[in-house]
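Start counting the sequence shown at 0; every next residue gets the next number (numbering that gives the first Met the number 0). Each residue gets a CB set at the ideal place from its N, CA and C atoms; glycine is no exception. Just so we're clear, the structure is a prediction, and the values are computed from it rather than from any experiment. Reviewing the structure listed below.
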Amino acid sequence: MANLGQAEAKGVDLQAEVALTNSLSLELAAGYTEARYTRDSKFNSLEQIPVVASGDAIVGTSSETGGGQPTAPYTVSAGLEYRFSAFAHEAFVRADAQYQGRAKWGTASQDGNPATGVGNTLQFDAANFVLDATTFVSLRGGMAFGSWSVAAFVDNLTDTHKLTDYNFTINDGLDSRLRRDFTYRPRTFGITAIFRQ
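Have a look at this one:
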């Protein structure tokens, strides 16, 4: 089998950490990625339908059934932290948010018309789909007590349940398969305690 043709990947990452005041700091990171095939690729010259088509997204990681999601074109994360003194102890509050955009280009397994089941590539499967954009928010707040530091947290503050991935399991001997969906854990509250000598 030959290599899957030609591809091109372009992107940029930016990161900044800014001390807004002596107590307030801001962290920002943003990224853009465009990684796609630039030419149809076929197993051989007799094939009518390509394995991958020009414009299909390159898959970075694959599920165990050979699927995988395209890379999100836009990612943004931000963190805001405020440090202060309370009751003669060092304390902080922090908020973090992460955004991952919806993919603009489908993979070879998503390249086709799901309504008709007609694919533009040999890998097309009408059951595959591109994931929506996701946002994840968390809060932290804590205080130091000598060698101990205690913090309370809330993960998945908005209690979002958007899909972050999926894959399929083939049922041997049956004409069916099981789709497994993955999402964020539900909103989670907790406390952490750390001891340092």
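Exercise for the section: Give every residue of the same chain whose Cβ lies closer than 6 Å to the Cβ of residue 65, excluding the five residues on either side of it in the sequence, and list them in chain order. Expected result: Confidence in residue 65 is poor, its pLDDT being 45 and thus under 50, which makes the residue's placement unreliable; the coordinate value appears in the next sentence. Same-chain partners within the cutoff: there are none.
Practice task
Report yes if the CB atom of residue 102 is closer than 8 Å to the CB atom of residue 129, and no otherwise.
Solution key: yes
Practice task
Could you check which residue in 185, 177 and 44 has the C-alpha nearest to that of residue 135?
Solution key: 185
Problem - Rounded straight-line distance, which links the Cα of residue 148 to that of residue 63 - result: Confidence at residue 63 is low in this model, with a pLDDT of 44, below 50, so the placement of that residue should be treated as unreliable; the coordinate-derived value is given next. Each residue's alpha carbon lies about 41 Å from the other.
Handout entry: Spatial neighbours of residue 157 in its chain, beta-carbon cut-off 6 Å, leaving aside the 5 residues before and after
Key = 136
Practice task
Spell out a yes or no on whether the segment 34 to 49 and the segment 86 to 102 are touching, meaning 3 or more CB-CB pairs, one atom from each, closer than 8 Å.
Solution key: no
Handout entry: Length of the line joining the Cα atoms of residue 72 and residue 150
Key = 34 Å
Handout entry: Beta-carbon proximity list for residue 120, same chain, < 8 Å, skipping 5 on both sides
Key = 48, 49, 50, 51, 52, 55, 107, 108, 110 and 111
Exercise for the section: List the DSSP bridge partners of residue 190. Expected result: 151
Exercise for the section: Express the C-alpha separation of residue 161 and residue 154 in angstroms, rounding to a whole number. Expected result: 15 Å
Exercise for the section: Look at the alpha carbon of residue 104 and the alpha carbon of residue 42, and state the distance between them as a whole number of angstroms. Expected result: 23 Å
Problem - residue 107 - DSSP class collapsed to helix/strand/coil - result: helix
Problem - Span of the beta strand (DSSP E), counted from its first residue to its last, around residue 84 - result: 73 to 85
Exercise for the section: Can you say whether residue 187 is buried or exposed, counting buried as having 16 or more other CB atoms within 10 angstroms of its CB? Expected result: exposed
Exercise for the section: Tell me whether residue 16 sits in a helix, a strand or coil according to DSSP, three-state version. Expected result: strand
Problem - Endpoints, beta strand (DSSP E) assigned at residue 33 - result: 23 to 36
Problem - Beta-carbon contacts of residue 169 that lie in its chain and below 6 Å, excluding the five residues immediately before and after - result: 176
Exercise for the section: Could you tell me which of 27, 78 and 193 sits nearest to residue 14, measuring between CA atoms? Expected result: 27
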